[in-house]
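**Student:** Take 67 as the starting number for the sequence shown in this note's numbering and just add one per residue. All C-beta atoms in this analysis are idealised placements derived from N, C-alpha and C, irrespective of residue type, glycine included. Keep in mind that this is a model prediction, so the values were computed, not measured.
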Amino acid sequence: MKVEAINRKEDINMKKKCLIIGLLVVVMITILVIVLKFGLKKEKPITDIKVNGNEIELDINRKFFLYDEDPLETEKEKIEPLKEVEVVIKGKGNCNNNKFEGEVKVEGFELGGNFQSFNISREENGYEMTCMSVNLQNEEAVDGPLYYYWITISDDFKLIHIWITEYGKNESDDYHWVMNSGY
């Protein structure tokens, strides 16, 4: 009788140990799956921006997020974008002479006018571009809004921030910001 009670007690203790070990294994596997799925995301290499010394080549054609207030300057924790817009920045630039030749456009805010000017420079934390559209006096004017873009690109190319304003509109309500990722 005593032996049976001891064996039964040992069986119960063994089952408890197996159950605890099984639960620990399940918890460890769950944690591992969560870490692998969410914690170790591999970043895609940036292939649409190439730098060789002072030369920079941009071949950006992707969706960005449009905001009506600057997501980098806002005091709110997070602001929602108004919508996605297509951004195209294609061409080559030289940071020594600040020249950039190519095309730059933001969907819905296309540079108008009969002349567009693009400049690029190397800054402390990355690159800076200015793009503007004008109607030259000796040329036939093109109807439509004239925009100014101020574009900053971080050193690691992960953040592209565009400030857009229309000529003649100096109120902050007329400014727009575009970023390559949600903020």
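1) In the DSSP output, which residue or residues are listed as bridge partners for Gly-168?
2) Assign Phe-104 to one of two classes, buried (16 or more other C-beta atoms within 10 Å of its C-beta) or exposed (fewer than that).
3) Below 8 Å on the Cβ atoms is my contact criterion, and I expect Val-244 with Val-151 to pass it. Report the Cβ-Cβ distance as a whole number of Å.
4) Measure the C-alpha to C-alpha separation of Leu-89 and Leu-98 and round it to an integer number of angstroms.
5) Would you tell me roughly how many angstroms separate the C-alpha atoms of Asn-127 and Ser-220, rounded to the nearest one?
6) Measuring CA to CA, which of Asp-222, Tyr-214, Asn-120 and Lys-235 is closest to Trp-229?
7) Whole angstroms are fine: how far does the CA of Phe-181 sit from the CA of Asn-204?
8) For the beta strand (DSSP E) holding Val-117, just list the boundary residues, first then last.
9) At what residues does the beta strand (DSSP E) containing Gly-174 begin and finish?
10) Evaluate Lys-171 with the Cβ neighbour count: other Cβ atoms within 10 Å of its Cβ, from every protein chain shown; 16 or more gives buried, anything less gives exposed.
11) Could you pull out every residue in the same chain whose Cβ sits closer than 8 Å to the Cβ of Glu-167, ignoring the five residues on either side in sequence?
12) Closest to Glu-232 by CA distance: which of Gly-174, Asn-246, Gly-192 and Leu-202 is it?
13) Rounded to a whole number of angstroms, what is the C-alpha to C-alpha distance between Thr-218 and Leu-132?
14) Please name the residue, chosen from Val-117, Asp-136, Ile-100 and Leu-177, that lies closest to Thr-196 on a Cα-to-Cα basis.
15) Check whether the Cβ atoms of Ile-122 and Phe-223 sit closer than 7 Å, and answer yes or no.
**Tutor:** Short version:
1) Gly-157
2) exposed
3) 6 Å
4) 14 Å
5) 17 Å
6) Tyr-214
7) 11 Å
8) Unbroken beta strand (DSSP E) run through Val-117: 115–118.
9) Run containing Gly-174: none; DSSP gives neither H nor E here.
10) buried
11) Gly-157, Lys-158, Gly-159 and Phe-184
12) Gly-174
13) 15 Å
14) Selected option, being the one with the closest Cα: Leu-177.
15) At the C-beta level, Ile-122 and Phe-223 stay beyond 7 Å of one another.
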